[in-house]
Amino acid sequence: MTKPWDSTSEHLLRELAPQVLGSIVRRFCDFSLAEDAVQEAMIAAFTQWPQEGVPDNPRGWLIQVASRRVTDQVRSEIARRERETAVAREVDITAPSVEIESDVDSDDTLILLFMCCHPALTSSSAIALTLRAVGGLTTAEIANAFLVPEATMAQRISRAKQSIKASGVPFRLLSSQERAVRLPAVLHVLYLIFNEGYASSIGPHLQRLDLAREAIRLTRCAKALLPDDAEVAGLLALMLLTDARRAARTGPDEELIPLDKQDRTLWDRAEISEGIGLLTAALSKASVGLYQLQAAVAAVHDEAARTEDTDWPQVLALYELLKRVSPGPMVTLNHAIAAAMVHGPAKGLELLRALDTDARLAGHYRLDAVRAHLLEMVGDYESAIMHYRIAAGRTTSIPEQNYLMTQAARLDDKRSGPDNTTAAPIP
Amino acid sequence: MKYILMMNTMRVGRGVPQWPQKDLQAHIAFMINIDKELRQAGELVSAEGLSFPNQAKLVRAGKDGTPITDGVFPESKEFLAGYWIVDVDSPERAYAIAARVSAAPGPGGTPLNMPIEVRPIMSGPPPEML
Numbered sequence: 017m018t019k020p021w022d023s024t025s026e027h028l029l030r031e032l033a034p035q036v037l038g039s040i041v042r043r044f045c046d047f048s049l050a051e052d053a054v055q056e057a058m059i060a061a062f063t064q065w066p067q068e069g070v071p072d073n074p075r076g077w078l079i080q081v082a083s084r085r086v087t088d089q090v091r092s093e094i095a096r097r098e099r100e101t102a103v104a105r106e107v108d109i110t111a112p113s114v115e116i117e118s119d120v121d122s123d124d125t126l127i128l129l130f131m132c133c134h135p136a137l138t139s140s141s142a143i144a145l146t147l148r149a150v151g152g153l154t155t156a157e158i159a160n161a162f163l164v165p166e167a168t169m170a171q172r173i174s175r176a177k178q179s180i181k182a183s184g185v186p187f188r189l190l191s192s193q194e195r196a197v198r199l200p201a202v203l204h205v206l207y208l209i210f211n212e213g214y215a216s217s218i219g220p221h222l223q224r225l226d227l228a229r230e231a232i233r234l235t236r237c238a239k240a241l242l243p244d245d246a247e248v249a250g251l252l253a254l255m256l257l258t259d260a261r262r263a264a265r266t267g268p269d270e271e272l273i274p275l276d277k278q279d280r281t282l283w284d285r286a287e288i289s290e291g292i293g294l295l296t297a298a299l300s301k302a303s304v305g306l307y308q309l310q311a312a313v314a315a316v317h318d319e320a321a322r323t324e325d326t327d328w329p330q331v332l333a334l335y336e337l338l339k340r341v342s343p344g345p346m347v348t349l350n351h352a353i354a355a356a357m358v359h360g361p362a363k364g365l366e367l368l369r370a371l372d373t374d375a376r377l378a379g380h381y382r383l384d385a386v387r388a389h390l391l392e393m394v395g396d397y398e399s400a401i402m403h404y405r406i407a408a409g410r411t412t413s414i415p416e417q418n419y420l421m422t423q424a425a426r427l428d429d430k431r432s433g434p435d436n437t438t439a440a441p442i443p
Numbered sequence: 103m104k105y106i107l108m109m110n111t112m113r114v115g116r117g118v119p120q121w122p123q124k125d126l127q128a129h130i131a132f133m134i135n136i137d138k139e140l141r142q143a144g145e146l147v148s149a150e151g152l153s154f155p156n157q158a159k160l161v162r163a164g165k166d167g168t169p170i171t172d173g174v175f176p177e178s179k180e181f182l183a184g185y186w187i188v189d190v191d192s193p194e195r196a197y198a199i200a201a202r203v204s205a206a207p208g209p210g211g212t213p214l215n216m217p218i219e220v221r222p223i224m225s226g227p228p229p230e231m232l
């Protein structure tokens, strides 16, 4: 008995991937072998189910196919060794019995997530492995998303698996204490996946897999597994509140449109209200963390129907909290912008001076871009043009570079034009 | 982060290096090995070697858009011999790869210490967040 394949089936498959993998890893105690087998089972499902229908017990189906692959793999490995040693031995290669489990063991997904986001891995390896093992994506899809050849991504994933094997991470549930220590690394990996997707959601790469959506899906999954964690909820809220502005973020020629110039009617109301709901619930809990505060800033922007309605004193207060919770040059930079909007650009410029000696920001285009913006606000066009151009020369993003060069050109035109006596409004 | 590593070589004589066979083979083996290493590390995006500069043409559009080609350029002292595009976790890693390439063995097995130009490849817009 089967159900027809429909639009929800693909989602179901991806949801099942980590559960199946968890089950196989526990059964065969070999992450690398299990991971390959589950990928093959996933591919088999993607080819067979659309034609033959979705089996009644899809999880059981996947576990059976994957187990068979592991067993085949083990058999051929033994055969190979036997050929090499030319010693005929009786080997018990019976795989552990595969009883079809109907209960959904969500703990397996959680263990996998913490395993793939292990701090021993580089961030690019952790990202790739998480997308494949927890997200159920194929190597080809991940390679395409990061615009690298499939062979390169395959190597990266295989190295990540080796690192996990070498580090001897046991496949078990972490204690709540261990989990608290490791959670920031997990959230960071999810955050990086989202950023990668959000950053690449414009430009010539529209056909790429939507990593921002994948990150939201994975974070939703993490939220379901850790429902009481305020930072997981905060991260999901941050993603939704940011993703809500996606359609308004670029113009017809794919040019970047800054927040204050966006057509706010294009913002996704459903994502905004879900994000705000999550955030409100999270903030009512005891601890306030980095992601909740960033989400709160995003929420203040999303709640303003017009740019001029933005509650800047609220944004400023949030950045003051962020400076305490998670101090860093980027927080200081954003704090300076908020201060400029509340107390005037001179105050913002004064705060920026503290960053001139910060080695972490040395040569970073954002400092020049913000300074240019504030200089324009005080009416010092000449310096503003200079800093817009310095920033344009330093960014490694083409849309950002186009935007900054255009800002400089706009001011240059204005300066030499007839109506250069009027004070600059907020750009 | 993606970087391009450009290997600029000094023009020598007719272009093709005139090294003893042993040294030439060592150099070629070194380059093949680098390629293999980068592939296995999951860092290689692409790599190409370019033809010798005697194959190069400078092209400009004429009045009606037809290509006007210009021949070999004996005056240029350096030419681009090849490049690697790598996807790595940090600029330091890109510099480390460039340094490895730079020290490719030359005549007598002495490291060439060629200049390798490393530049970030432009990407999509950065996120609005921290």
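Line by line, the protein sequences are chains U and D.
If you're matching positions, the first sequence starts at 17 in the numbering used here and goes up one per residue.
If you're matching positions, the second sequence starts at 103 in the numbering used here and goes up one per residue.
A virtual CB, placed ideally from N, CA and C, is assigned to each residue, including glycine.
Asked	Found
Contact under 7 Å by Cβ, D:His129 with D:Ala200	no
Neighbourhood of U:Ala228 by C-beta, 7 Å cutoff - its chain only, sequence neighbours within 5 removed	Phe210, Gly213, Tyr214, Ser217, Asp259
DSSP state of U:Ile401 mapped onto helix, strand, coil	helix
Within 8 Å of chain D by C-beta, residues of the segment 146–166 of chain U in sequence order	Phe162, Leu163, Val164, Pro165
First through last residue of the alpha helix (DSSP H) which encompasses U:Gly213	192–215
Chain-ordered neighbours of U:Ala260 on chain D, where CB pairs are closer than 9 Å	By Cβ distance, chain D contributes nothing, its closest Cβ being about 12 Å from U:Ala260, past 9 Å.
Any chain U beta carbon closer than 7 Å to D:Asp189	yes
U:Gln223 versus U:Ala167: straight-line alpha-carbon distance, rounded	Residue placement at U:Gln223 cannot be trusted, given a pLDDT of 45 that sits under 50; the coordinates are not used to answer.
Closest by C-alpha distance to U:Glu271, when choosing among U:Cys45, U:Ser83, U:Leu28, U:Asn418	U:Asn418
Contact set between D:Gly208 and chain U, taken where Cβ atoms lie within less than 9 Å	Here the premise fails: no neighbours, minimum Cβ distance about 29 Å.
Which of helix, strand or coil DSSP assigns to U:Val524	The requested residue 524 of chain U is not part of the displayed model; chain U covers only 17 to 443.
Residue closest to U:Ala48, alpha-carbon to alpha-carbon, out of U:Ser23, U:Arg172, U:Ala159	The question names Ala, yet the displayed sequence has Ser at residue 48 of chain U. Of the candidates U:Ser23, U:Arg172, U:Ala159, the one whose C-alpha sits nearest the C-alpha of U:Ser48 is U:Arg172.
D:Ile106 - partner residues in DSSP beta bridges	D:Ile187, D:Arg221
Test item: CB-CB of D:Val203 and D:Ile223 under 7 Å	no
Start and end residues, alpha helix (DSSP H) containing U:Ser141	139–145
Own chain partners of U:Asn436 with C-beta closer than 7 Å, once the 5 adjacent residues on each side are dropped	Legend: pLDDT at U:Asn436 = 48, less than 50; position of this residue unreliable, value from coordinates given subsequently. Closer than 7 Å at the Cβ level, and outside the excluded window around U:Asn436, lie Lys430.
Contact belief for D:Val269 with D:Met103 at Cβ below 8 Å, rounded distance in angstroms	As shown, chain D starts at 103 and ends at 232. That puts residue 269 of chain D outside it, with no answer to give.
Residues near U:Ser139 in its chain [Cβ-Cβ closer than 8 Å; skip 5 each side]	His204, Val205, Leu208
N- and C-terminal bounds of the beta strand (DSSP E) containing D:Thr59	Because chain D spans 103 through 232 in this model, residue 59 of chain D falls outside it and cannot be assessed.
Span separating the alpha-carbon of D:Thr212 from that of D:Thr111	16 Å
Interfacial residues, the segment 139–153 of chain D to chain U, with Cβ spacing under 9 Å	Leu140, Arg141, Gln142, Ala143, Gly144, Glu145, Leu146, Val147, Ser148
Cβ neighbours of U:Leu338 in the same chain (closer than 6 Å, five flanking residues each side left out)	Leu309, Val347
Residues near U:Ala201 by beta carbon distance below 7 Å, same chain, minus five either side	Cys133, Pro135
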